[in-house]
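What follows is one structure encoded as structure tokens, with my remarks underneath.
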Amino acid sequence: MTVLSVGRPGMFNMRDRAKWDAWKAVEGKSQEEAMGDYITKVKQLQEEAAASA
């Protein structure tokens with residue numbers, strides 16, 4: 001995989017800045033680790049939705 005070194009977008013480019021921040025937050029994680037984090041988050045959201053229903 002090729003990793004590009006691109007600086008963080010400016011503060012007025014909120015969408016691209018949020019995307020850049022999200023990618024930087026998971027930089028270096030393995031695919032398995034990222035999937036595990038995703039599953040944990042989905043379960044958390046399901047529990048919160050069930051509690052508020």
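In full-length UniProt numbering, the protein residues as written are 1 to 53. Each residue gets a CB set at the ideal place from its N, CA and C atoms; glycine is no exception.
Mind reading off the beta-carbon distance from residue i to residue j? Whole number of angstroms is fine, and I expect it under 8 Å.
i, j, result
"Pro-9", "Trp-20", "6 Å"
"Ala-34", "Val-26", "6 Å"
Is any beta-carbon of chain C found at less than 9 Å from that of residue i?
i, result
"Ser-30", "Checking the listed chains, one finds no chain C in this structure; it contains a single protein chain."
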